[in-house]
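Enquirer: Take a look at the following structure, please.
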Amino acid sequence: MEALETQGFFEAVYDSVSMETLEELFGPVLNELFALPPDIKMRNHSDKPLQGYIPAALQRVSTMRASSEVVGRYVGNMRELEMMVRRMVVEALGVEKEWESLEKSVVYGLRMTEYDAPVNQETMVTMPAHRDMIVMTIIRQQEGRGLEIQTKDDRWLLASPNSFNVVIGESFQVPSS
């Protein structure tokens with residue numbers, strides 16, 4: 011809890027996601043998903059914020075049925091991790107009574123992003139710095155090194171390879187500070 015209060019995030023040790031699921035998801039499943047032609051991706055466009063072609067593509071492309079199962083397993087694991095962290099925060103804040111209503115109001119989303127090679131070789135930045143406004147984000151740093159997370163005191167920390175990073179969003183920090 012101290013890391014969330016002082017830094018706004020922590021690296022979770024979470025072994026519930028099997029290596030098989032991670033290897034399938036971050037291997038053939040995402041490769042196949044990102045290789046879909048642009049016209050298929052655009053057919054699944056949404057005007058709603060933070061929604062796009064990913065959920066619809068997995069439901070509508072029949073060749074991706076097995077991929078949908080892998081993504082489903084991963085989503086279940088991420089939901090379990092999010093629930094553990096949320097319960098920890100609720101208990102630390104002493105608002106256990108609100109847990110049940112909070113539990114019913116949670117909406118889950120999954121975003122998978124493929125990053126191209128950096129345009130600017132000096133800074134190696136492919137996605138500009140930003141803050142998530144939602145309550146909580148879990149970011150998977152798959153292999154390699156590249157993800158940096160900004161602390162509350164404006165330092166940047168490099169995420170470990172193969173790590174799950176739980177970041178508390180702006181909307182959760184304001185009421186709890």
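Residue 11 is where the sequence shown starts when you use my numbering, and the numbers rise one by one after that. Where a beta carbon is used, it is the ideal one built from N, C-alpha and C, also for glycine.
#1: Output the distance between the C-alpha atoms of residue 30 and residue 174, rounded to the nearest integer angstrom.
#2: If you measure between the beta carbons of residue 176 and residue 100, is that distance less than 8 Å?
#3: Just list the residues that DSSP pairs residue 147 with in beta bridges.
#4: Between residue 24 and residue 120, which are expected to be in contact by the criterion C-beta below 8 Å, what is the C-beta distance as a whole number of angstroms?
#5: Secondary structure at residue 112, three-state DSSP: helix, strand or coil?
#6: Does DSSP put residue 34 in a helix, a strand or coil?
#7: Relative to the C-alpha of residue 109, which residue among 146, 32, 93 is closest?
#8: By alpha-carbon positions, which one of 124, 85, 145, 123 ends up nearest to residue 112?
#9: Less than 8 Å between C-beta atoms, sequence neighbours within five positions excluded: which residues of the same chain meet that for residue 81?
#10: For residue 194, which residues does DSSP report across the bridge?
#11: Residue 179: which of 161, 87, 150 sits nearest, CA to CA?
#12: Give the single residue among 17, 12, 21 whose Cα lies nearest to the Cα of residue 172.
#13: What residues are listed by DSSP as bridge partners for residue 106?
Expert: In terms of the structure at hand:
#1: Reading the sequence shown from its first residue, position 20 is the one you call residue 30. Reading the sequence shown from its first residue, position 164 is the one you call residue 174. Each residue's Cα considered, the two are about 16 Å apart.
#2: Along the sequence shown, one-based indexing puts residue 176 at 166. Along the sequence shown, one-based indexing puts residue 100 at 90. Inclusion of residue 176 and residue 100 in the CB contact set at 8 Å is not warranted, their separation being larger than that value.
#3: Position 137 of the sequence shown, counted from the first residue, corresponds to residue 147. In the DSSP assignment, the residues bridged to residue 147 are 177.
#4: Position 14 of the sequence shown, counted from the start, is the residue given in the question as residue 24. Position 110 of the sequence shown, counted from the start, is the residue given in the question as residue 120. With a contact defined as Cβ atoms closer than 8 Å, residue 24 and residue 120 miss out at about 16 Å.
#5: The residue given as residue 112 occupies position 102 in the sequence shown. DSSP, read as helix, strand or coil, puts residue 112 in helix.
#6: Here residue 34 is taken as the residue at index 24 of the sequence shown, counted from 1. When secondary structure is reduced to three states using DSSP, residue 34 falls in the helix class.
#7: Position 99 of the sequence shown, counted from the first residue, corresponds to residue 109. Comparing Cα-Cα distances from residue 109 to each of 146, 32, 93, the minimum goes to 93.
#8: Residue numbering aside, residue 112 sits at position 102 when the sequence shown is read from its first letter. It is 145 whose Cα lies nearest to the Cα of residue 112.
#9: Locating residue 81 in the sequence shown gives position 71, counting from the first residue. For residue 81, where only same-chain residues beyond five positions count, the Cβ hits under 8 Å are 35, 39, 68, 120.
#10: Since the first residue of the chain shown is 11 and the last is 187, residue 194 is not available in this structure.
#11: Counting from one through the sequence shown, the residue named residue 179 turns up at place 169. If we check each option's Cα against that of residue 179, 161 comes out closest.
#12: To locate residue 172, count along the sequence shown from 1; it is residue 162. If we check each option's Cα against that of residue 172, 21 comes out closest.
#13: By 1-based counting over the sequence shown, the position of residue 106 is 96. In the DSSP output, where bridge partners are listed per residue, residue 106 has none listed.
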